[in-house]
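Read top to bottom, the protein sequences are chains L and W.
In case it helps, my numbering puts the first sequence at residues 1 to 196.
In case it helps, my numbering puts the second sequence at residues 197 to 665.
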Amino acid sequence: MQPFETLESVLIPLIHNDIDTDQIIPARYLKVTDKSGLADGLFSSWRYLPDGKPDPDFPLNRPEYQNAQILLAGDNFGCGSSREHAPWALVGWGIRAVISTSFADIFRNNALKNGLLPVTVDARAHAVLVAVSETESTPTVGIDLGSQTLRLPNGDEVTFPIDQFSKMCLIKGIDQLGYLLEHKSQIAAYEKSGQL
Amino acid sequence: MPKPKTLFEKVWDSHVVLHEPNSPAILYIDKHLIHEVTSPQAFSGLREKGLRVRRPDRTVATMDHSTPTIALSLDLIDEMGKKQLQQLETNCREFGVPLYDMQNPQRGIVHVMVPELGLTQPGMTIVCGDSHTSTHGAFGALAFGIGTSEVEHVLATQSLLQHKPKTMRVEFNGQLPNGVTAKDMILALIAKIGVGGGTGYVIEYTGPALRALNMDARMTICNMTIEAGARAGMIAPDDVTFEYLAGREFAPQGEAWDAAIAYWQTLPSDPGAAFDKTISLDVAAFEPMITYGTNPGMGAPIHQPIPAPQDEPDPAKRAALQKALRYMDLDHGESLDGHPVDVVFIGSCTNSRLSDLRAAAAILEDQKVADGVHLLVVPGTETIRRQAEAEGLDQIFKQAGGDWRYAGCSMCLAMNGDQLEPGQYAASTSNRNFESRQGKDGRTFLVSPLTAAATAISGQITDPRTLMK
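Put into structure tokens, the structure is as follows:
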């Protein structure tokens, strides 16, 4: 997993509420047995025209967002299916952070295990970002995970929450499985204790 | 006096292996369920790291998402789907995980098959790489969906890192009217609290209307709990639960059964146990529900007009409703009662159990499916298929002009070729009406099995109470 410390990027606006993981990556792309190649399916129902060509109006297809790494979404991003293919597809395309007012629980867990940072902001900061996305084509924001701050295009800084364990794993770029494996003896002791 | 605990807290507390400061808890997992779509990368991870499955005896796998429903053969699906299912066979063989494969007479949708086998029991922790794992909470288990990284964690350590969720109590009061079902209860709850209303919570369902439901209906309610954003729904075990479990293949037997019952009876929330939030609903006023939009929260009673976007004060919600109605090609102001459909799908881990099929068959008996409408009935497991056939339910569906299939997820998520054509409307007993969920550009109305059956006969959305004897 790529470590995450700071990130500065143009904001890609995809400001719909309740973007579900079926939209992020439709089920027809889930027949893979590895994690690669999913970026082609990212938002595919919205991204391609009926003839299969990219819709030039869809943000991910616009030239100004080709190297952008931060997605601005509406409320409750990532609801629905537990498919980890959703963060795999986002990261595969190049997204490293998503900003929303809230994230679905399973999506948040999956994102954090793939170096994808869910940045939760309050309604006021979100409104500022939405407004600036409507007036500017390439607003830039900055994220500093260490201090848990998001710098808005107007220079204001807001803080965002993240649990300390996930933050440590992201900054170091380490897999959470390591922590569990370190506690094998406690797990074995629990199994022997007859709690079950 | 010890502090009164909720059902959730009892199950949670008894499964915490370790909880260090500034870390999530290590939660022990009693049962880990596997299917073909969300597991391949997890097994690959084990191979890369040289790890084994810690407890194959606590792991069980099935084939359900991509499996064909027209015959029990993997040769009938596309190459990628076939390869993925074969990979599951390889993984299970290599790591010693029991697999209910295509030839197994008990195979079926993971969340229908596992309870049916008696593997789901009160007080357990159960996970699966599938959001509808919430289904198993109907037995008083703590059951939730996980991602593939977490599937790997559980395979390797039989444990998961988890932050303790908040608790919400949802109380269903009153008596459910005739023709109104558990599906309508859960759709009404989601319409009330929204698709994010349960985020961060585990919901415990209580109340007399809930207690009056059988296990199939309770599973329907817990199944769709994830559609409100809550990862888990739970129902305290009672005599209905125990009667369901008694004698099932993997349920405790003899003295172990008595000991299990004694333990299970300690699980219900203590009097005075505190919940972070409580919601009360009177089901006596409930009607058959239907969704009009593109998430399960966009639902209303069947005769109620579709809400107007201009009446929605929140601009983001207004935009969401406008987008949904444009996708669905629907106008506000009219109800969906009488809206034509192309397909009726009765199936999925929400509504494919024997009592669902019986309810639909009671409406369809001696009736015909409307011209031009495709009725697809897909039982949840092969066991249910045989039970339904023994009762003659398959004959009722077939004589009505419907399609009777083998078990699987089928058109719920359209991975196996059972899918809507662009623009088609479906009345579906499944759980998600997301854009393109049941086929690219298909349109879904979520309904109960009763409403689905009534709709199949008329070819348009129909209140089942108009057809009930």
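Note that beta-carbon positions come from the ideal geometry of N, C-alpha and C, so glycine has one too.
Between W/Thr-416 and W/Ala-387, the CB-CB gap reaches or exceeds 9 Å. Using a CB distance below 7 Å, the part of the stretch 35-62 of chain L facing chain W consists of Lys-35, Ser-45, ordered along the chain. Annotated three-state conformation of L/Asp-144 is strand, per DSSP. Contact of W/Pro-220 with chain L by beta-carbon distance below 8 Å involves Asp-163, Phe-165. At the C-beta level, L/Leu-7 and L/Ile-143 come within 9 Å of one another. DSSP, read as helix, strand or coil, puts W/Arg-303 in coil.
By the Cβ test, the stretch 640-654 of chain W is in contact with the stretch 531-547 of chain W, since at least three Cβ pairs between them sit closer than 8 Å. Contact annotation: in the stretch 624-654 of chain W, residues whose CB is within less than 9 Å of a CB in chain L are Arg-628, Phe-630, Glu-631, Ser-632, Arg-633, Lys-636, Asp-637. At a C-beta separation below 8 Å, W/Leu-313 has no neighbours in chain L, since its nearest C-beta there lies roughly 18 Å away. Assigned with DSSP and collapsed to three states, W/Asp-659 falls in coil, not helix or strand. Listed along chain W is no residue with a C-beta nearer than 9 Å to that of L/Ile-171; the closest approach is about 14 Å.
Judged by DSSP in its simplified three-state form, W/Cys-608 adopts helix. Nearest neighbour of W/Gly-529 by Cα position, chosen from W/Gln-500, W/Ala-650, W/Leu-351, turns out to be W/Gln-500. Leaving aside the five residues that flank L/Phe-107 on each side, the residues in its chain whose CB is nearer than 6 Å to its CB run, in chain order, Gly-78. Note on geometry: alpha-carbon atoms of W/Phe-239 and L/Leu-150 lie some 37 Å from one another. Within the stretch 583-615 of chain W, those residues whose Cβ lies closer than 8 Å to any Cβ of chain L are, in chain order, Leu-609, Ala-610, Met-611. For W/Asp-326, the closest Cβ of chain L is nearer than 9 Å. In the DSSP annotation of this structure, the continuous segment of the alpha helix (DSSP H) that includes W/Tyr-459 starts and ends at 450-460. Nearest Cα to W/Leu-357 within the set W/His-349, W/Asp-274, W/Thr-363: W/His-349. With respect to the 9 Å criterion, L/Asp-22 and L/Gly-92 are not classified as neighbours on the basis of their beta carbons.
Bridge pairing for W/Gln-358: W/Ala-221 [DSSP].
For L/Ser-102, there is no enclosing beta strand (DSSP E), as DSSP marks it with neither H nor E. Here L/Asn-110 is near L/Glu-84, since their CB atoms are less than 9 Å apart.
DSSP lists L/Val-141 as the bridge partner or partners of L/Ser-9. With contacts defined as CB atoms closer than 9 Å, W/Asp-533 and W/Ile-559 fail to qualify as a contacting pair.
If you check the CB distance, W/Gly-604 and W/His-261 come in under 9 Å. Within chain W, the residues Val-213, Leu-214, Ile-222, Tyr-224, Arg-250, Thr-353, Gln-354, Ser-355 have their CB atoms less than 9 Å from the CB of L/Ile-187, given in chain order.
Look at L/Pro-26: its C-beta is under 9 Å from a C-beta on chain W. Rounded to whole angstroms, the Cβ separation of W/His-570 and W/Gln-656 is 14 Å, and the two are not in contact under 8 Å. Residues of the stretch 443-472 of chain W with a C-beta less than 7 Å from any C-beta of chain L: none at all.
When Cβ-Cβ separations below 9 Å define contact, L/Val-32 makes contact with chain W. Inside the stretch 497-579 of chain W, DSSP marks whole beta strand (DSSP E) runs of 3 or more residues at positions 539-542, 570-573, from first to last along the chain. Interface residue (Cβ-Cβ distance to chain W less than 9 Å): L/Pro-87 is classified as such. Scanning chain L for C-beta atoms nearer than 9 Å to the C-beta of W/Pro-301 yields nothing, as the closest lies near 26 Å away. Near chain L, meaning a CB-to-CB distance below 8 Å, the residues of the stretch 511-529 of chain W are Ala-512, Lys-513, Ala-515, Ala-516, Lys-519. For the pair L/Leu-117 and L/Ile-187, the CB atoms are not nearer than the 9 Å cut-off.
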